[in-house]
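J.:
Number of protein chains: 2
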Amino acid sequence: MAGKLVSMRNLKFLLYEVFDVCTLTEYDYYKQFNRKTFDMFLDAGLELGTKLMQPVYEEMDRKPPELVDGVVKVHPQVRRILKEFGEGGWIGARFPVEFDGEQLPLQILSACNLIFCAANFSASAFPGMNSGVAHLITSYGDDNLKEKYVAKLLSGQWQGTMAMTEPQAGSSLTDLNTMAEPTDEGFYKITGNKIFISAGDHDCVDNVVHLMLAKIKGGPPGVKGISLFVVPKKRFDENGKLVLNDIVVSQVFHKMGYRGTPTTELSIGENDDCRGYLVGDEYKGLSYMFQMMNEARIGVGAAAAATASAAYYAALEYSRERPQGRNIAAKDPLTPQVPIIEHSDVKRMLLFQKAVVEGSFSIVMQCSKYEDMLSVVSDDEEKEKYALLLDILTPVAKNYPSEMGVHSTSQSIQCFGGYGYCEDFPVEQYYRDMRIHPIHEGTTGIQGMDILGRKVLMKNGKAFSLFLEEVRKTIADARDCSELKIFAEELNNSIERLQEVTLHLIGIAQEKGPEYFLADATLYLELFGIITISWQWLLQSITVDKALQNELSASEYNFYQGKLYTCKYFFRYELPKIEGLAKRLMDKDPLTVEMEVNFFSD
Amino acid sequence: MAGKLVSMRNLKFLLYEVFDVCTLTEYDYYKQFNRKTFDMFLDAGLELGTKLMQPVYEEMDRKPPELVDGVVKVHPQVRRILKEFGEGGWIGARFPVEFDGEQLPLQILSACNLIFCAANFSASAFPGMNSGVAHLITSYGDDNLKEKYVAKLLSGQWQGTMAMTEPQAGSSLTDLNTMAEPTDEGFYKITGNKIFISAGDHDCVDNVVHLMLAKIKGGPPGVKGISLFVVPKKRFDENGKLVLNDIVVSQVFHKMGYRGTPTTELSIGENDDCRGYLVGDEYKGLSYMFQMMNEARIGVGAAAAATASAAYYAALEYSRERPQGRNIAAKDPLTPQVPIIEHSDVKRMLLFQKAVVEGSFSIVMQCSKYEDMLSVVSDDEEKEKYALLLDILTPVAKNYPSEMGVHSTSQSIQCFGGYGYCEDFPVEQYYRDMRIHPIHEGTTGIQGMDILGRKVLMKNGKAFSLFLEEVRKTIADARDCSELKIFAEELNNSIERLQEVTLHLIGIAQEKGPEYFLADATLYLELFGIITISWQWLLQSITVDKALQNELSASEYNFYQGKLYTCKYFFRYELPKIEGLAKRLMDKDPLTVEMEVNFFSD
């Protein structure tokens, strides 16, 4: 399998033309870079994705990890991937130079990450976790933790994990039971069970470093009692030698997709000999973890978009090559068949995929840009602005690509017809891999409550206002482009509708309380997502409109026309979906709150 | 695994309360039945499903058929299933007594079939194919074919198949290449290749009977040249002994789901020794095949609905039992967690599944009722009415359950969270199994062109008018029920919207031709489907409204309230989706027609 994974042209369009990443190099922090060095990263990223990761995509699925005599055996290529990601500086690419990092803008790294996830999402998870774990330790850990763990994680010699979920506490972190008992020896004794821990252990690393949420004995109940610990599989003994730290893998889950990464259950401290090391202050675990979690959420959106991209290009290639049927107006059976891409219904399916993929890429890149701006601006108000924009867009950037990615890969299968359902083509695997994304790092329902119950209201609606301001800026710019005027007005109407719906829901909150307010938060998020991606399409199209004023080569002309048609597609086919959502959200019948559980009896 | 598959209460509600199947027993053809005998069939069907089919559901997936030394090895339970379906009279249940059938109303058989498909769709396909093949032979075959093949198919000793698709002709039957060369010995010599033939061969039967489309040498090109043949794996030689008939299985496809049924590729007549026997007249193959095809399409809808049902009940059971989180208004971490079914967002997901499942069951039953009426009415106009209603509703009954079943099983997974993605629970398999339904027996795109390009227009729109009449009858009845008035008006507005959209599209057909007319046929079908299922929900709710006037036991009260809330759900959450669809369909920008293939370049 060596199909196209992403459009490099599109990545460069987003980076250099839409988000203009090169302006970052005017800041001190990024001054070592220029367009040429950015391009080198992109080329290297593509090389890594296509040579190291894509070739084992199918194999890692067909031979998933197994727990054999207590050892989690994963595909041997994982060792090479971690090594090359470590040695090549990819794991630490965004880290400041003091951690031996590259200080690479997140936008460039995100573009590379899209390639990696498109090539092999399971494989990308191993180095990806390391980056997040190391980032959290450098942000909140003391020097001792930094010294012991960061280099090993960034080099890919050890594996990092995020150990939150427990059997009795999936979405409800309040109910975590893993306990940390203080000692006077500089560590805590940890006991508990964790489930669904990605890369929770495997045989391609020498050690595993869990960032684990636990409750300190005697602390406050609920989320207020949660602290964050580094809990290694092997700890250093008094001689600096690594010894086992009483963590046992009790299960490797068998999954429908995302099968290359072992998803594990861990028993911790069964022999009362598991040591954990506090990160930062006691009882602040959740807020620390949320740094990683928010990154991870955008990372999920990126992974979903990337998988949808690989599936889309597979469908596109097939649609170009597969002859079937004739133009509906000219059905002479003696004429040759045409490739199915010539049928309007197939073009519609492809446009849908392209719209979801490139719209999702765009919102991921938009978030990366805000993140990059956070690294360079010093003004408090500006810092707050970018932080709030990231806050409100995180659930969208997680959820839109995840939910729509499921539909997009499903349409990729549909382009193949019966062949898409067979293992001969990769789309069935993309479809299976995709289905994890609306679940992990906070389900769709959790994201809905996050945006409506928290983000829209936070700081008196400041994040929401900033978001609207960003959209309005794009609308104003688009009004100057003759082809885009009509879409600018439609987006303007949509954000008015969004405000109307939001006010209506806030009214319900005041009148009837949080349960009624949040009952349809998932639908609200869907509405918010469609409008956000419309904004991103309009934003891209302003660049397109300018480019089309120039003399262009045939391939460039086709590229920009493709963008323009996909923007049209989004506004004609996708944006109208907000009508039905808004109708429901404005409707006052609280039937999901009021339906009694007993009514589900039969 | 022994989860609930379907609600027997719901099946009886549909059969006896909504569609009143017992009125059929007033006709001569069905006079041997009564409510008690119908109930016996249902009980026996449930027994068969739960005892014979459901226990091997997972195993048939995990150990899919293999081609070993030219033999297609399937799960050994298939032999028992065919035998019991044969001996129990299930395969021939709808056949008239002259074929040793039971003359069972299709409504009762459809209800049983929903149970079988919910228990194990792959397993149900084997006897299901036999029934369709035998029905076609009895309808159009001569006495010789009837005598030789029908009894063997109905007894389950032989396997029947529908052999249409070829590698170069998926949806485009025009391009079939399988050839039939006439001889003067009463048979044709067949040569060609067929792919995606379900149950195309296996080791649990003594012979396989292919109903095969082929073109007679020298006949007209395209679909007009297609004839239908019985082509057995083994034919009778001059001594009445079975000998091989030169058909080889060249491949068994490996699929994402629906893995228990072997999907095969056949090489036919490689040694110029394959004999086929013409069914009916030359060149009428396609119209004959469409009898089976139309049944098969409603069968696909039924299978999709059934799988969604099994997944829904798995999700419902889990949601009742899984404690997680608390009421959003009362978050004291010291109180116990509540089952997730108490969260509004989970109730919404369950209502969605229930609405799709029971709405789909209802439309399948509605079609079965029309079919049953066709067996008893003698008046030509009445016959035409039921035939036309079946014609126009077949693409809906195929497509709505298939497309929405994908979403419904996806929501079943979502109720389970991470566990839903693991093989420990059956929902991931339901999700994989489901994905075939929008593909086989005519893809969603084909169904869209069928309803808009053929069914809506046929006989000057008579089928469409009859459909609207049926819906209006329900609206009129619902206006008398105080709780349903508002929904009656909404459905009325919807069918007005549907007419408006239809007229608009017919205008486009006249103005710009078929390509523009049919470009969004898939969206039109989606719109049509949502309105049709709204109608079915309103129809059910009229019965519910009456029932709720009476004194009821707690369980009956809960059942009817569950129905009422699900109807409300459908009108509040699903019907509004037509807004976005109608907006697009009324919009004149023909962008999918006009987008050039080159614009997909990058």
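Which chain is which? The protein sequence lines are A and B, in order.
Position in the first sequence (from 1) plus 1131 gives the number in the working numbering.
Position in the second sequence (from 1) plus 1131 gives the number in the working numbering.
Cβ atoms here follow ideal geometry from the backbone N, Cα and C, with glycine treated the same way.
Since the structure is predicted, the reported quantities are computational estimates derived from the model, not experimental observations.
1) Closer than 8 Å, CB to CB, is residue 1537 of chain B near chain A or not?
2) For residue 1331 of chain B, I'd like the list of residues in its chain whose CB is within less than 8 Å of its CB, leaving aside the five on either flank, ordered along the chain.
3) Could I get the ranges of all uninterrupted alpha helix (DSSP H) runs contained in the region 1554-1592 of chain B, with 4 residues as the minimum, in chain order?
4) Assign residue 1158 of chain A to one of three DSSP states: helix, strand, or coil.
5) Looking at the strands, I want to know which residues DSSP matches up with residue 1339 of chain B.
6) Using a Cβ-Cβ distance under 8 Å, would residue 1295 of chain A count as near chain B?
7) Quick check on residue 1549 of chain B: does DSSP put it in helix, strand or coil?
8) Under 7 Å between beta-carbons, which chain A residues line up against residue 1667 of chain B? List them in chain order, please.
9) So if I threshold CB-CB distances at 7 Å, which residues from the region 1434-1460 of chain B count as touching chain A?
10) Beta carbon of residue 1345 of chain B, beta carbon of residue 1296 of chain B: below 8 Å?
11) Taking only the alpha-carbon atoms, compute the straight-line gap between residue 1115 of chain B and residue 1618 of chain B and give it to the nearest angstrom.
12) Run through chain A and tell me which residues come within less than 8 Å of residue 1140 of chain B, C-beta to C-beta.
13) Taking 8 Å as the cut-off, decide whether the C-beta atoms of residue 1490 of chain A and residue 1667 of chain A are in contact.
14) Find the residues of chain B that neighbour residue 1553 of chain A, judging by a C-beta separation of less than 7 Å, and give them in chain order.
15) Starting from residue 1367 of chain A, follow its DSSP beta bridges and name the residues at the other end.
16) By the DSSP assignment, the beta strand (DSSP E) with residue 1616 of chain B in it spans what residues?
17) In whole angstroms, what separates the C-alpha of residue 1313 of chain B from that of residue 1367 of chain B?
18) Shorter than 8 Å from the beta carbon of residue 1303 of chain B to some beta carbon of chain A?
19) Please report whether the beta-carbon of residue 1578 of chain A lies at a distance below 8 Å from any beta-carbon of chain B.
20) What are the residues in the region 1246-1270 of chain A lying within 8 Å of chain B by C-beta distance?
21) Between residue 1429 of chain A and residue 1277 of chain A, which are expected to be in contact by the criterion C-beta below 8 Å, what is the C-beta distance as a whole number of angstroms?
22) Residue range of the beta strand (DSSP E) that residue 1382 of chain B falls in?
23) By the criterion of Cβ-Cβ separation under 9 Å, what are the contact partners of residue 1381 of chain A in chain B?
24) Between the alpha carbons of residue 1220 of chain A and residue 1443 of chain A, how many angstroms are there, rounded?
25) Could you tell me which of A:1687, A:1663, A:1328 sits nearest to residue 1139 of chain A, measuring between CA atoms?
26) Just the C-alpha distance for residue 1363 of chain A and residue 1201 of chain A, rounded to the nearest angstrom, thanks.
27) Which residues, in chain order, does the region 1676-1697 of chain B contribute to contact with chain A at a C-beta distance below 7 Å?
28) Give a yes or no on whether 8 Å exceeds the smallest Cβ distance from residue 1531 of chain A to chain B.
29) Per DSSP, what are the beta-bridge partners of residue 1187 of chain A in this structure?
30) Below 8 Å between beta carbons: does that hold for residue 1574 of chain B and residue 1545 of chain A?
31) Is it buried or exposed for residue 1166 of chain B, if we count other Cβ within 10 angstroms and need 16 for buried?
32) Considering only the beta carbon of each residue, do residue 1535 of chain A and residue 1602 of chain A sit closer than 8 Å?
33) Pick from A:1235, A:1137, A:1187: whose alpha carbon is nearest that of residue 1171 of chain A?
34) Is there a Cβ from chain B that is less than 8 Å from the Cβ of residue 1320 of chain A?
35) What would DSSP say about residue 1724 of chain A, mapped onto helix, strand or coil?
36) Measure the beta-carbon distance from residue 1448 of chain B to residue 1134 of chain B and round it to whole angstroms, keeping in mind my assumption that it falls under 8 Å.
T.: Quick answer:
1) Along the second sequence, read from residue 1 onward, the residue named residue 1537 of chain B stands at position 406. It does; some Cβ of chain A falls within 8 Å.
2) One-based indexing of the second sequence puts residue 1331 of chain B at position 200. Excluding positions up to five away in sequence, the list reads 1203, 1292, 1294, 1325, 1339, 1341, 1380, 1393, 1394, 1395, 1396, 1397.
3) 1558-1565, 1575-1581
4) Taking the first residue of the first sequence as 1, we reach residue 1158 of chain A at position 27. In the structure shown, residue 1158 of chain A sits in coil (DSSP, three-state: anything other than H, G, I, E or B).
5) Along the second sequence, read from residue 1 onward, the residue named residue 1339 of chain B stands at position 208. Note: residue 1339 of chain B sits in a beta bridge opposite B:1290.
6) Sequence index remark: in the first sequence, residue 1295 of chain A carries index 164 (1-based). No, because no Cβ of chain B sits closer than 8 Å to the Cβ of residue 1295 of chain A.
7) The residue given as residue 1549 of chain B occupies position 418 in the second sequence. Helix.
8) For the purposes of this step, residue 1667 of chain B is taken as the residue at position 536 of the second sequence. In chain order: nothing, as chain A lies at least about 18 Å away.
9) 1447, 1455, 1456, 1458, 1459, 1460
10) Within the second sequence, the letter at position 214 stands for residue 1345 of chain B. Within the second sequence, the letter at position 165 stands for residue 1296 of chain B. Result no, Cβ atoms of residue 1345 of chain B and residue 1296 of chain B do not sit closer than 8 Å.
11) Absent from the structure is residue 1115 of chain B, since the part of chain B shown begins at 1132 and ends at 1733.
12) For the purposes of this step, residue 1140 of chain B is identified with residue 9 of the second sequence, where counting begins at 1. Going along chain A in sequence order, the residues near residue 1140 of chain B (Cβ under 8 Å) are 1733.
13) By one-based count along the first sequence, residue 1490 of chain A stands at place 359. By one-based count along the first sequence, residue 1667 of chain A stands at place 536. Yes, they are a contact pair.
14) To locate residue 1553 of chain A, count along the first sequence from 1; it is residue 422. 1384, 1385, 1386, listed in chain order.
15) Here the question's residue 1367 of chain A lines up with position 236 in the first sequence. Beta-bridge pairing links residue 1367 of chain A to A:1373.
16) As a first step, residue 1616 of chain B is located in the second sequence; it is residue number 485 there, counting from the start. Counting along the chain, residue 1616 of chain B falls outside any beta strand (DSSP E), though it belongs to the alpha helix (DSSP H) covering 1616-1643.
17) Translated into the one-based positions of the second sequence, residue 1313 of chain B becomes position 182. Translated into the one-based positions of the second sequence, residue 1367 of chain B becomes position 236. Their backbone Cα atoms lie some 18 Å apart in a straight line.
18) Taking the first residue of the second sequence as 1, we reach residue 1303 of chain B at position 172. Any Cβ of chain A closer than 8 Å to the Cβ of residue 1303 of chain B would place that residue at the interface, and such an atom is present.
19) Reading the first sequence from its first residue, position 447 is the one you call residue 1578 of chain A. Answer no: the Cβ-Cβ gap between residue 1578 of chain A and chain B never drops below 8 Å.
20) Those would be none; no residue qualifies.
21) In the first sequence, residue 1429 of chain A corresponds to position 298, counting from 1. In the first sequence, residue 1277 of chain A corresponds to position 146, counting from 1. Wrong, their Cβ atoms sit about 24 Å apart, outside the cutoff.
22) Translated into the one-based positions of the second sequence, residue 1382 of chain B becomes position 251. That run of the beta strand (DSSP E) goes 1378-1383.
23) As a position in the first sequence, residue 1381 of chain A is number 250, starting the count at 1. Within chain B, no residue comes near residue 1381 of chain A; the closest Cβ sits about 14 Å away, beyond 9 Å.
24) By 1-based counting over the first sequence, the position of residue 1220 of chain A is 89. By 1-based counting over the first sequence, the position of residue 1443 of chain A is 312. In this model, residue 1220 of chain A and residue 1443 of chain A are separated by some 30 Å (Cα to Cα).
25) On the first sequence, position 8 is the one that residue 1139 of chain A refers to. Between residue 1139 of chain A and the set A:1687, A:1663, A:1328, the nearest pair of CA atoms involves A:1687.
26) Indexing the first sequence from 1 puts residue 1363 of chain A at position 232. Indexing the first sequence from 1 puts residue 1201 of chain A at position 70. If I take the Cα positions, the gap works out to 17 Å.
27) 1686, 1689, 1690, 1692, 1693, 1696
28) The residue given as residue 1531 of chain A occupies position 400 in the first sequence. False, the Cβ-Cβ gap to chain B never drops below 8 Å.
29) Locating residue 1187 of chain A in the first sequence gives position 56, where the first residue counts as 1. None; residue 1187 of chain A has no bridge partner.
30) Numbered from 1 along the second sequence, position 443 holds the residue referred to as residue 1574 of chain B. Numbered from 1 along the first sequence, position 414 holds the residue referred to as residue 1545 of chain A. Yes, the pair counts as a contact, with Cβ atoms nearer than the cut-off.
31) For the purposes of this step, residue 1166 of chain B is taken as residue 35 along the second sequence, with counting starting at 1. The residue is exposed, with fewer than 16 neighbouring Cβ atoms inside 10 Å.
32) In the first sequence, counting from the first residue as 1, residue 1535 of chain A sits at position 404. In the first sequence, counting from the first residue as 1, residue 1602 of chain A sits at position 471. Contact flag unset, no.
33) Residue 1171 of chain A sits at position 40 when you count from the first residue of the first sequence. Here the closest residue by C-alpha is A:1235.
34) Your numbering for residue 1320 of chain A matches position 189 in the first sequence. It does not: the Cβ of residue 1320 of chain A has no partner Cβ on chain B nearer than 8 Å.
35) As a first step, residue 1724 of chain A must be located in the first sequence, where it is residue number 593. If DSSP states are grouped into helix, strand and coil, residue 1724 of chain A belongs with the helices.
36) As a first step, residue 1448 of chain B is located in the second sequence; it is residue number 317 there, counting from the start. As a first step, residue 1134 of chain B is located in the second sequence; it is residue number 3 there, counting from the start. Sure, about 6 Å apart at Cβ, within 8 Å.
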